[in-house]
Amino acid sequence: MPLVAANWKMNPNNLDDALDLVRGVMAVARGQADRVEVAIFPPFPWLTAVSDLLVDSGVKLGAQNVFWEMAGAYTGEVSPPMVKALCQWVIVGHSERRLHLGETDDMVARKTAAALSCELGVIMCVGELADHYDAGTSDQVVSAQVRAALARCSADDSARLVIAYEPVWAIGSGRNADPEHAYKTMRLIRKIVGEMIGAGAARKVRILYGGSVKADNVQSYVELPLCDGVLVGGASLDADEFAHIVKVTSEVYGHR
Ligand code: 13P
65 MPLVAANWKM NPNNLDDALD LVRGVMAVAR GQADRVEVAI FPPFPWLTAV SDLLVDSGVK
125 LGAQNVFWEM AGAYTGEVSP PMVKALCQWV IVGHSERRLH LGETDDMVAR KTAAALSCEL
185 GVIMCVGELA DHYDAGTSDQ VVSAQVRAAL ARCSADDSAR LVIAYEPVWA IGSGRNADPE
245 HAYKTMRLIR KIVGEMIGAG AARKVRILYG GSVKADNVQS YVELPLCDGV LVGGASLDAD
305 EFAHIVKVTS EVYGHR
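Right under this line is the structure:
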């Protein structure tokens, strides 16, 4: 089933706005649960209230980050069991964390393995910078990120593992990737999954595209044969725009 994931990043700044947005998403997702999986990723402080609101809605909840240890003296961090208490999903290795917080491939690998071991679904993000894209080295960069992250994964994890291909130059820029480029990179990612954790896993792992996904371009990604959905940033903060993205995804996969 396709996955449409809403990464709210560090928005909105008050709980009332967050809950209004959740109500909008619940209205969209109603009746779609057997055609598309919808997951929202609010900031940590809103997770409890959002989780209460989502009961029986079919909409899944996720956190935007997690630490790799299960408990202990790690000021400011949130453990996988804490996330698991409220959420079904977690995002790891987002490029904004790699860029602003210095997350390395090794940290991303540890986080991925720790979250999977707690039965969380993991959206692990990879993507090249503009310089790599311009230099034609996207494949090498993405391949190294995927290989590093999968180093601690096994075939048993594949049903709960999602890899989001988000070219960094496409994030928040309005410059979405050419679908052909996205397709080629997704094909590469699936090939690496197959090499590292087996052919069965390569079929099961879902691969998303992210980076300036909007209502008017989502179709060009979700209709790609290897694409299992989208990871949406800015457009997920507008309930109507997000509704459109969910509907298009549901229709495209309904016709497959
Ligand atoms: P935008 O959709 O705002 O480009 O963000 C994409 C993203 O980073 C989702 O994780």
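According to the numbering used here, the sequence shown holds residues 65 to 320 in order.
Every residue gets a Cβ at the ideal spot worked out from N, C-alpha and C, and that includes glycine.
Predicted model, so just to flag it, every value in this text is computed and none were measured.
Does residue i come out as helix, strand or coil in the three-state DSSP assignment?
{"i": "Tyr285", "result": "helix"}
{"i": "Val206", "result": "helix"}
{"i": "Ala127", "result": "strand"}
{"i": "Gly293", "result": "strand"}
{"i": "Trp153", "result": "strand"}
{"i": "Val92", "result": "helix"}
{"i": "Val142", "result": "coil"}
{"i": "Val119", "result": "coil"}
{"i": "Ala279", "result": "coil"}
{"i": "Pro109", "result": "helix"}
{"i": "Asp84", "result": "helix"}
{"i": "Leu163", "result": "helix"}
{"i": "Gly264", "result": "helix"}
{"i": "Asp398", "result": "In the structure as shown, the chain starts at 65 and stops at 320, and residue 398 therefore has no counterpart that could be examined."}
{"i": "Ala97", "result": "coil"}
{"i": "Gly298", "result": "helix"}
By the DSSP assignment, the alpha helix (DSSP H) with residue i in it spans what residues?
{"i": "Ile235", "result": "No alpha helix (DSSP H) holds Ile235; DSSP gives it neither H nor E."}
{"i": "Gly258", "result": "243-261"}
{"i": "Val310", "result": "303-318"}
{"i": "Leu272", "result": "Where Leu272 is concerned, there is no enclosing alpha helix (DSSP H), although the beta strand (DSSP E) it sits in stretches over 270-274."}
{"i": "Met171", "result": "169-181"}
{"i": "Glu101", "result": "Per DSSP, Glu101 belongs to no alpha helix (DSSP H); it is in the beta strand (DSSP E), 101-105."}
{"i": "Ala215", "result": "Counting along the chain, Ala215 falls outside any alpha helix (DSSP H), and DSSP gives it neither H nor E."}
{"i": "Ala194", "result": "194-199"}
Suppose contacts are defined by Cβ-Cβ distances below 8 Å. Is residue i in contact with residue j by that definition?
{"i": "Gly298", "j": "Thr313", "result": "no"}
{"i": "Val226", "j": "Leu272", "result": "yes"}
{"i": "Gly191", "j": "Glu230", "result": "yes"}
{"i": "Phe105", "j": "Ala82", "result": "no"}
{"i": "Ser300", "j": "Gly238", "result": "no"}
{"i": "Arg224", "j": "Gly274", "result": "no"}
{"i": "Tyr197", "j": "Ala246", "result": "no"}
{"i": "Asn77", "j": "Gln128", "result": "no"}
{"i": "Ala265", "j": "Ala219", "result": "yes"}
{"i": "Leu175", "j": "Val130", "result": "The displayed chain sequence assigns Lys, not Leu, to residue 175. Yes, the pair counts as a contact, with Cβ atoms nearer than the cut-off."}
{"i": "Arg99", "j": "Gly318", "result": "yes"}
{"i": "Ser121", "j": "Ala103", "result": "no"}
When you compare the CB of residue i with every CB in chain C, is at least one pair closer than 8 Å?
{"i": "Lys255", "result": "Looking at the structure shown, chain C is missing, and only one protein chain is on hand."}
Start and end of the beta strand (DSSP E) containing residue i?
{"i": "Met188", "result": "185-190"}
{"i": "Leu225", "result": "225-229"}
{"i": "Leu67", "result": "67-71"}
Does the beta carbon of residue i fall short of 7 Å from some heavy atom of the ligand ATP?
{"i": "Val296", "result": "Summarising the ligand content, the structure contains the ligand 13P and does not contain the ligand ATP."}
Determine, using beta-carbon pairs with one atom in the region 84-94 and one in the region 186-206, whether at least three such pairs fall under 8 Å.
With the rule of 3 Cβ pairs closer than 8 Å, the region 84-94 does not count as touching the region 186-206.
When the Cβ atoms of the region 255-262 are set against those of the region 210-217, are three or more pairs found closer than 8 Å?
The region 255-262 vs the region 210-217: in contact.
How do the region 239-246 and the region 150-167 stand: do at least 3 beta-carbon pairs fall below 8 Å, yes or no?
Segments in contact, no.
Given 8 Å as the limit, is there contact between the region 170-182 and the region 103-117, that is, 3 or more CB pairs closer than that?
Taking 8 Å as the limit for Cβ pairs, the verdict is that the region 103-117 does not touch the region 170-182.
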